[in-house]
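Residue numbers (this note's numbering): 800 to 1045.
Some notes on the structure that comes next.
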């Protein structure tokens, strides 16, 4: 009976250790969702191009530990924190159940370094369609404006506004197809653009041009970024929307 209890206890501890090991390795190999590395800015930050990856090393002030960060060409981030005095890798900061003043300071500084790198060296990569990314690039080049991600609750939505009066002239959104009456299942990327109310009947055809999603339907219309409208045609409508936002 005692042997059975010990066996069960050992299995329990093995399960805990395996769970923690998996959790730590999952946390360590961070893949920054909806972010992509800007390799030029990585170099400016201090990263060095190594063997198919960018590498950055620093010392944590809170502990004297050595931190090495590698970012693959596909954008996967890997970190290794080493206790130089002990000569071994330190991982307690990756375990959310580890508590205490020391590990808290290490975790805080570790997260601050990663957050700083994200802010200074990564670009938003929310929109996946070719059309959405071409629109983002066009607006940046033509008007020297970047899309803004205003809502923490809706991180997959962005707007862009004129610099002179701060009025919106376009919104890039991700939405369930069913919510805009488009056939099929899943998420679709769309753009909302401005129009004159008197042009509503001419523009809205419920195929290429839909009523403005989450906008005043007398002043906005929606285009699905699935190829039904060409990039050139979208650009024409985008430029018109920019001028209507005066």
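C-beta atoms are modelled at their ideal positions from N, C-alpha and C, and glycine is treated no differently.
| Check | Outcome |
| --- | --- |
| Buried or exposed: which applies to residue 821, given that a residue is buried once 16 or more other Cβ atoms fall within 10 Å of its Cβ? | Model confidence at residue 821 stands at a pLDDT of 39, short of 50, so the residue's coordinates are unreliable; what they give is reported in the following sentence. Burial call: exposed. |
| Tell me the DSSP bridge mates of residue 960? | 967 |
| Under 8 Å, do residue 864 and residue 891 count as touching if we go by C-beta distance? | no |
| Straight-line CA distance for residue 823 to residue 967? | Unreliable placement is indicated for residue 823, whose pLDDT of 38 sits below 50; the coordinate value is still reported in the next sentence. Rounded to the nearest angstrom, the two C-alpha atoms are 43 Å apart. |
| Could you tell me which of 941, 1032, 856, 1031 sits nearest to residue 961, measuring between CA atoms? | 941 |
| Can you grab the Cα-Cα spacing for the pair residue 868 / residue 918, in whole Å? | 15 Å |
| What is the residue span of the beta strand (DSSP E) that residue 1037 lies within? | That residue, residue 1037, is in no beta strand (DSSP E); its alpha helix (DSSP H) goes 1030–1043. |
| Quick check: residue 979 and residue 989, are their CB atoms within less than 8 Å of each other? | yes |
| Near residue 937, what residues of its chain come up, given a Cβ to Cβ distance below 7 Å and the 5 sequence neighbours on each side ignored? | 1034 |
| Just grab the DSSP bridge partners of residue 1010 for me. | 1020 |
| If you draw a straight line from the alpha carbon of residue 839 to that of residue 954, how long is it in whole angstroms? | 25 Å |
| Which residue marks the beginning of the alpha helix (DSSP H) containing residue 930, and which one marks its end? | 929–942 |
| The beta strand (DSSP E) spanning residue 949 covers which residue range? | Run containing residue 949: none; DSSP gives neither H nor E here. |
| In three-state terms, what does DSSP make of residue 977? | helix |
| Using 8 Å as the Cβ pair cut-off and three pairs as the minimum, do the stretch 915–932 and the stretch 886–903 touch? | no |
| In the DSSP output, which residue or residues are listed as bridge partners for residue 855? | 868 |
| So is residue 898 buried or exposed if we call it buried at 16+ other beta carbons inside 10 Å? | exposed |
| Can you tell me which of the three DSSP states residue 875 falls into? | coil |
| Could you give the first and the last residue of the continuous alpha helix (DSSP H) run that contains residue 997? | No alpha helix (DSSP H) holds residue 997; DSSP gives it neither H nor E. |
| Nearest to residue 992 by CA position, among 976, 1024, 908, is which residue? | 1024 |
| Buried or exposed, going by whether 16 or more other CB atoms sit within 10 Å of the CB of residue 949? | exposed |
| Between which residues of its own chain and residue 853 is the CB-CB distance below 6 Å, once the five residues before and five after are set aside? | 841, 846, 870 |
| Rounded to whole angstroms, what is the Cα-Cα separation between residue 1044 and residue 862? | 53 Å |
| Tell me residue 988's beta-bridge partners as DSSP assigns them. | 973 |
| Check each candidate in 1009, 908, 848, 1042 and name the one with the smallest Cα separation from residue 1021. | 1009 |
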